[in-house]
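Colleague:
There are 2 protein chains.
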Amino acid sequence: MPPALDPQAAVVLFSGGQDSTTCLAWALARYAKVLTVTIDYGQRHRIELYAAKRIAAAAGVPHAVVPCDSFTALGGNSLTANVAVAAAVEGALPNSFVPGRNLVFLTLAAAFAWQRGITNLVTGVCQTDYSGYPDCRAATMTALEAALRAGLDSPITIHTPLMHLTKAETVLMLRDLGRLDWLALSHTCYNGSVPPCGTCPACLLRAKGFAAAGVADPLVG
Amino acid sequence: MPPALDPQAAVVLFSGGQDSTTCLAWALARYAKVLTVTIDYGQRHRIELYAAKRIAAAAGVPHAVVPCDSFTALGGNSLTANVAVAAAVEGALPNSFVPGRNLVFLTLAAAFAWQRGITNLVTGVCQTDYSGYPDCRAATMTALEAALRAGLDSPITIHTPLMHLTKAETVLMLRDLGRLDWLALSHTCYNGSVPPCGTCPACLLRAKGFAAAGVADPLVG
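If you read the sequences in order, they're chains A and B. Position one of the first sequence corresponds to residue 5 (the working numbering), numbered consecutively onward. Position one of the second sequence corresponds to residue 5 (the working numbering), numbered consecutively onward.
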C-alpha cells in the first residue's frame, strides 16, 4: 500500500541543467518538502549527474539517482551513443531525440513519488523552445498525466512551470526567485564541454536566453 | 528520423507467461511481421526470461531483451525483492504491485517499435482478472495510448486482446489458435517454482482458468 498522501511535497525531475534548476527553485517557493530525482540513463556526459548533485546540495534538498539502462540498450541517438550532435534543422526531429525518454523518466519519477505519498511532479519541459521534441509539448504532458493517474491510481499532477516561457523568461524567473547563482553549477552543453562549447543547439539556446534577458550567465561569465 | 511505417508489423510485449504467449499467437494470426520484446527488469525468477526465449524460438519470431534496472533500484515489491508473495486480498492492492511498471514497459516497447516504424503494440493485460493492478485496466491503456501517440508523434495502437476475457476464455483462444503446446514452455508462478507452486495467486488463477475451460494445462499435466 502507498503511504498517506502529502500535498505539501513535490518531486522535481532534475537533470542538473538550467531548466530543471529553475524548476527546483520554483518548487521550493511553493512546497514545504521538495525531493529531486535524477535519472542516470547512461548519458555520455557524466558531468550532468555531478551538476545535479552539487545543485541539490546547494539547495539543501535530498537527491536520488534512479538508474535506467534501457535507452543505452535501445541505442540510436546522440545523447547516449558516440554520435556527433547535428545542428538544429527547422521542423525536423533532431537526432538528439530519444523516443519515449521523457515519458519513461516522468513515469519513474512518478513511481518514486508514489512510494512516498507524493502527487506533485515538477518538470522543466518547455514547448516554446522544444527543439522539435514531441515529448516536451503541453499536450503530451496532459496525456501522460492522465495515464499516470490511471496507472498509479493516484491524483498525480505534472507541473510544467516553464512550458510556455521563452528562455529569457526562464532566466528572469530564476533571478526573481533569487537562485541565479545555482546556474554556476549547472550543465547544459550537448557536447559535454567545460566551459560550454557555445556552438551546440543547447549552448546556443542558453546563450540566446541570457542575452534576451539582459542577464549574465554565471556559468560562462 | 524514424523509418517508414509498416502497418503489417506488430511488437508483442512478451513476458513468457500464459497471457503474453496467447498475445503472440493472436498477433501472428493478424500481422505479417511480429517481433517480441521482453523487459529484463531484474525479476527474481530468471526462468521467465528463459521461457520467453524458448517460446519465441518455437514461434520462429525475433526476440529482443531490453534491460530496465530502474525498478530494482526503486525497490519495495515482491517481484524484484526477496519478499514473500502475500495471498490475494479482495479489493486491496497486492504487494506484487510495482508502481509504474506496465507503463514503463509499454513505453519501452513503443520506443523499440518506433525505431522500426512499427505502430502496433500488443500486450496481455487483462481487466477481468487484474488482481487489483490499476495499470492493467482498459482506461489506463487508453490513456497511455494517447500519451504515446503524443509523446512519440506516431499513430500507435495498444492492442489488448485479452482485456475483457476470463482466464478460461484466454485458454480457449490459444487452443483455437492451435498454439496451446507453447504453454508447456511458459512460466506463470510468482514464486518461480518448477513445477509451479500451485498456491500463489498466479498459479491459482492459471489453474482456475484451465479448469473452467475444461482443458489440461500442458505445463502441469
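Just so you know, even glycine gets a beta-carbon here, dropped at the ideal spot from N, CA and C.
Comparing alpha-carbon positions, which option in G155/B, W118/B, L107/B and V70/B lies nearest R141/B?
Modeller: In the second sequence, counting from the first residue as 1, residue 141/B sits at position 137. Answer by Cα proximity: L107/B.
Colleague: Can you name the residues that DSSP bridges to A14/A?
Modeller: Against the first sequence, residue 14/A aligns to sequence position 10. A14/A pairs with V38/A and N124/A.
Colleague: Under three-state DSSP, which class holds V69/B?
Modeller: Looking up residue 69/B in the second sequence gives position 65. Correct three-state label for V69/B: strand.
Colleague: I need the straight-line Cα distance from P103/A to A220/B, nearest angstrom please.
Modeller: As a first step, residue 103/A is located in the first sequence; it is residue number 99 there, counting from the start. As a first step, residue 220/B is located in the second sequence; it is residue number 216 there, counting from the start. Approximately 42 angstroms between the Cα atoms of the pair.
Colleague: Output yes or no for whether 8 angstroms exceeds the beta carbon distance between T26/B and I59/B.
Modeller: Translated into positions along the second sequence, residue 26/B becomes position 22. Translated into positions along the second sequence, residue 59/B becomes position 55. Their beta carbons are not under 8 angstroms apart, which means T26/B does not touch I59/B by this criterion.
Colleague: Would you list, in chain order, the members of the stretch 10 to 32 of chain B that have their beta-carbon closer than 8 angstroms to a beta-carbon of chain A?
Modeller: Closer than 8 angstroms at the C-beta level to chain A, one finds no residue of the stretch 10 to 32 of chain B.
Colleague: Does I43/B come out as helix, strand or coil in the three-state DSSP assignment?
Modeller: Locating residue 43/B in the second sequence gives position 39, counting from the first residue. Three-state DSSP puts I43/B in a strand.
Colleague: Which of the three DSSP states is assigned to I51/B in this structure?
Modeller: If you number the second sequence from 1, residue 51/B lands on position 47. Of the three classes helix, strand and coil, the one that applies to I51/B here is helix, per DSSP.
Colleague: Enumerate in chain order the residues of its own chain whose CB-to-CB distance from D3/A is below 7 angstroms, with the five nearest sequence positions on each side excluded.
Modeller: The shown model of chain A, from 5 to 225, leaves out residue 3/A, and the question about it has no answer.
Colleague: Spell out the partners DSSP gives H168/B in its beta bridges.
Modeller: Counted from its first residue, the second sequence places residue 168/B at position 164. For H168/B, which the question treats as bridged, DSSP gives no partner whatsoever.
Colleague: Would you say T126/B and V41/B are within 8 angstroms of each other, going by their C-beta atoms?
Modeller: Along the second sequence, one-based indexing puts residue 126/B at 122. Along the second sequence, one-based indexing puts residue 41/B at 37. With the sequence shown as reference, residue 126/B is identified as Val, and Thr is not the correct amino acid for it. No, Cβ-Cβ distance for V126/B and V41/B is not below 8 angstroms.
Colleague: With respect to the beta strand (DSSP E) encompassing T25/A, which residues constitute its N-terminal and C-terminal limits?
Modeller: If you number the first sequence from 1, residue 25/A lands on position 21. Premise fails: T25/A lies in the alpha helix (DSSP H), Q22 to L32, not in any beta strand (DSSP E).
Colleague: If you run the structure through DSSP and keep just helix, strand and coil, what is T132/A?
Modeller: Translated into the one-based positions of the first sequence, residue 132/A becomes position 128. T132/A: coil per DSSP, three-state reduction.
Colleague: Since A56/A contacts H67/A with CB under 8 angstroms, what's their CB separation in whole angstroms?
Modeller: By one-based count along the first sequence, residue 56/A stands at place 52. By one-based count along the first sequence, residue 67/A stands at place 63. That pair is a contact at about 7 angstroms.
Colleague: Quick check on P200/B: buried or exposed, where buried means 16 or more other Cβ atoms within 10 Å of its Cβ?
Modeller: Taking the first residue of the second sequence as position 1, residue 200/B is located at position 196. Its Cβ being crowded by 16 or more others within 10 Å, P200/B is buried.
Colleague: Given that C72/B touches chain A, what residues does it touch there, using C-beta distances under 8 angstroms?
Modeller: For this step, residue 72/B is matched to residue 68 along the second sequence. By Cβ distance, chain A contributes C72, D73 and S74.
Colleague: Going by the DSSP bridge assignment, what does H191/A pair with across the sheet?
Modeller: For the purposes of this step, residue 191/A is taken as the residue at position 187 of the first sequence. DSSP, once it has assigned bridges, lists no residue as partnering H191/A.
Colleague: State the Cα-Cα distance for the pair A206/B and A143/B, rounded to the nearest angstrom.
Modeller: Your numbering for residue 206/B matches position 202 in the second sequence. Your numbering for residue 143/B matches position 139 in the second sequence. So the alpha carbons of these two residues sit roughly 23 angstroms apart.
Colleague: Cβ closer than 9 angstroms: which chain B residues qualify as neighbours of A114/A?
Modeller: In the first sequence, counting from the first residue as 1, residue 114/A sits at position 110. Those within 9 angstroms of A114/A in chain B are P103, G104 and L107.
Colleague: Please report the distance separating the alpha-carbon of L184/B from that of P222/B.
Modeller: Here residue 184/B refers to the residue found at position 180 of the second sequence. Here residue 222/B refers to the residue found at position 218 of the second sequence. Note on geometry: alpha-carbon atoms of L184/B and P222/B lie some 8 angstroms from one another.
Colleague: Hey, A217/A and L169/A are a contact pair by Cβ (cut 8 angstroms); roughly how many whole angstroms apart?
Modeller: Along the first sequence, one-based indexing puts residue 217/A at 213. Along the first sequence, one-based indexing puts residue 169/A at 165. Incorrect: roughly 11 angstroms between the Cβ atoms, too far for contact.
Colleague: Expressed to the nearest angstrom, what Euclidean distance is found between the alpha-carbon atoms of N124/A and T161/A?
Modeller: As a working note, residue 124/A is residue 120 in the first sequence. As a working note, residue 161/A is residue 157 in the first sequence. Distance between the alpha carbons of N124/A and T161/A: 5 angstroms.
Colleague: Would you grab the beta carbon distance between L178/A and L189/A for me? Rounded to a whole angstrom, and I think it's under 8 angstroms.
Modeller: Here the question's residue 178/A lines up with position 174 in the first sequence. Here the question's residue 189/A lines up with position 185 in the first sequence. No, L178/A and L189/A are not in contact; Cβ-Cβ is about 13 angstroms, not under 8 angstroms.
Colleague: For G21/B, count neighbouring Cβ atoms within 10 angstroms of its own Cβ and tell me buried if that reaches 16, exposed if not.
Modeller: What you label residue 21/B is simply residue 17 of the second sequence in a count that begins at 1. Buried.
Colleague: Residue range of the beta strand (DSSP E) that T161/A falls in?
Modeller: Here residue 161/A corresponds to residue number 157 of the first sequence, with the count starting at 1. T161 to H163 is the extent of the beta strand (DSSP E) around T161/A.
Colleague: So, for A33/B: in the same chain, excluding its five sequence neighbours on each side, which residues have a beta-carbon less than 7 angstroms away from its beta-carbon?
Modeller: Residue mapping note: residue 33/B aligns to position 29 of the second sequence, counting from 1. Hits under 7 angstroms: L181.
Colleague: Buried or exposed, going by whether 16 or more other CB atoms sit within 10 Å of the CB of A151/A?
Modeller: On the first sequence, position 147 is the one that residue 151/A refers to. Flag for A151/A reads buried.
Colleague: In its own chain, which residues sit with a C-beta less than 8 angstroms from the C-beta of Y35/A, not counting the 5 before and 5 after it?
Modeller: Taking the first sequence and counting its residues from 1, one reaches residue 35/A at position 31. Excluding residues within five positions, the ones whose Cβ falls inside 8 angstroms are Q12, A13, A14 and N124.
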